[in-house]
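Numbering (UniProt numbering), first residue to last: 7 to 553.
Backbone N, C-alpha and C define an ideal beta-carbon position, used for all residues, glycine too.
Data first, discussion second: the structure below is written as structure tokens.
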Ligand code: ATP
Ligand code: MG
Ligand code: MG
């Protein structure tokens, strides 16, 4: 069997294992519980969990919850649910907030070593003294406080003596450092805010840079994978680990994955939810895992997509067409076939008796062995799609037209005899006759027709609501446009229509996927009730969007 070549992360790990640096690796997926996971997170999940499937070791789930004001337990639960749904299981469930005591102790160690000080300047003053990438910064007037004074002030910060924003703890590194992040970065800030797990126990909170690497280290994470924007943070990550003398985790950067025609930022997605541009985090138009699930995406299709895009060192935009390709591939094999008419036009089979119902057999899925059959009711009046009839047929139009024949799927060949128009000149009824001995499976008519149409009985069919989705944004890169990204929302991203489907669909369960013949893949939505079926279109059968 041919081995797929290793990507750059796998190469690093392979080398570390071969050299004996590690016996096993430890990775982590570190979401901040401030929103629902999106497709970019799925890529990071597949990466982190995928590496420990491929190599000996395990992956932890760590909630990076050091921002009390944006985080919530609702998000913690949704994140766990989404990871499990994708098919991954973590070794340990951890929270950065569980390390608040330890981190506080680390801060004291730094103060005692003369490597951290309490700053009284405001954030504006700190920014002014920071310098620019080409000019060195200036030392703060509080930089040379004694160790004793720093210890006392830091203790008071923790006790709640100072208001928000009045004091910070800063690392004492180098205000002339070429890396701006090394110019005495802030380690702690005062924030009197309730935390989703620690409640009101703390009024100082560690900054990302003073929590992430330390948490990695406490968990003996060997390879800490993060997105490219953290590249300049690596120097600080290593500096803190070295000064504290703790387990040396290694940060390695990879490129963030962005999908076109959507946004992959929890902050932006939260705005869409809060401002009512979508119905919620699980709106089927959202690029969230919960939105994709409700839309009808399978875990396998998402993991397949993430495997196909792999990892990269440079940022690039991925075409949503690839994601759609992956779900089509999966659903073509799995989805049960049903007939639903989205834009009905009545057809009367004039030589079929009124009031009679013939139950015809149709296979559930030709791509799947043993998928079985279901019965479909055939009656004198049926619906076909409006665009499956043309009064004056175009060239190579093999569907219904005056004098032409078509096959009705799993039923008979019919011939169009005439049609009826309303006062506006719109065709409202097509009259056809059924060809004797042309029943599917026992056709002895000897007639060959090119077109096969799906259809539904007008009297036995089920009315249903269908939600057709289009791109959430009208442009490929809404986040990269001038002005507000929300100005680029696609006003036609949702179309709700009334359709009629075959009666077997009343047994559909929520989340079940179907191929509506010739129309695409659909799934039953949670808004369905016993009185009313609602289906979401997951994706069309072919990519007929880009024009
Ligand atoms: P967002 O801007 O959406 O909030 P984030 O990076 O702040 O993204 P985190 O909750 O911190 O969100 O992300 C958890 C993990 O997922 C991090 O390791 C992060 O690097 C990774 N991740 C987030 N977005 C993407 C993306 N678009 N592509 C790949 N990995 C991502
Ligand atoms: Mg983050
Ligand atoms: Mg974020």
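What does DSSP give as the partner residues of residue i in its beta bridges?
i, result
"residue 438", "355 and 422"
"residue 365", "383"
"residue 214", "Looking at the DSSP assignment, residue 214 forms no beta bridge with any residue, so it has no partner."
"residue 230", "257"
"residue 220", "Paired residues: none, contrary to the question."
"residue 519", "529"
"residue 175", "124 and 194"
"residue 479", "495"
"residue 463", "388"
"residue 278", "Residue 278 is not bridged to any residue."
Cβ of residue i versus every heavy atom of ligand 1: is any distance shorter than 7 Å?
i, result
"residue 272", "yes"
"residue 218", "no"
"residue 73", "no"
"residue 183", "no"
"residue 128", "no"
"residue 430", "no"
"residue 84", "no"
"residue 556", "Nothing can be reported for residue 556, as the shown portion of the chain is limited to 7 through 553."
"residue 50", "yes"
"residue 240", "no"
"residue 94", "no"
"residue 312", "no"
"residue 176", "no"
"residue 47", "yes"
"residue 41", "yes"
"residue 508", "no"
"residue 149", "no"
"residue 256", "no"
"residue 35", "yes"
"residue 99", "no"
"residue 88", "no"
"residue 264", "yes"
"residue 229", "no"
"residue 233", "yes"
"residue 200", "no"
"residue 38", "yes"
"residue 70", "yes"
"residue 460", "no"
Give me the Cα-Cα distance between residue i and residue j, rounded to the nearest whole angstrom.
i, j, result
"residue 451", "residue 418", "10 Å"
"residue 254", "residue 228", "8 Å"
"residue 113", "residue 68", "21 Å"
"residue 394", "residue 52", "43 Å"
"residue 534", "residue 54", "37 Å"
"residue 72", "residue 526", "44 Å"
"residue 327", "residue 167", "56 Å"
"residue 551", "residue 536", "Caution is warranted here: a pLDDT of 45 is assigned to residue 551, below 50, making its placement in the model unreliable, and the coordinate value is therefore given only provisionally. If I take the Cα positions, the gap works out to 33 Å."
"residue 553", "residue 474", "Confidence in residue 553 is poor, its pLDDT being 34 and thus under 50, which makes the residue's placement unreliable; the coordinate value appears in the next sentence. Whole-angstrom Cα-Cα distance: 18 Å."
"residue 382", "residue 273", "48 Å"
"residue 425", "residue 476", "34 Å"
"residue 338", "residue 241", "49 Å"
"residue 7", "residue 532", "Confidence at residue 7 is low in this model, with a pLDDT of 44, below 50, so the placement of that residue is unreliable and no value is reported for it."
"residue 204", "residue 344", "52 Å"
"residue 99", "residue 84", "14 Å"
"residue 349", "residue 461", "11 Å"
"residue 438", "residue 496", "41 Å"
"residue 413", "residue 360", "21 Å"
Count the other CB atoms, across all protein chains shown, that sit within 10 Å of the CB of residue i; report buried if there are 16 or more and exposed otherwise.
i, result
"residue 208", "buried"
"residue 488", "exposed"
"residue 304", "buried"
"residue 320", "exposed"
"residue 134", "exposed"
"residue 66", "buried"
"residue 388", "buried"
"residue 196", "buried"
"residue 153", "exposed"
"residue 365", "exposed"
"residue 12", "exposed"
"residue 400", "exposed"
"residue 542", "buried"
"residue 362", "exposed"
"residue 60", "exposed"
"residue 548", "exposed"
"residue 17", "exposed"
"residue 295", "buried"
"residue 342", "buried"
Any heavy atom of ligand 5 closer than 7 Å to the Cβ of residue i?
i, result
"residue 325", "Judged by which ligands are present, ligand 5 is missing from the structure shown, whose ligands are ligand 1, ligand 2 and ligand 3."
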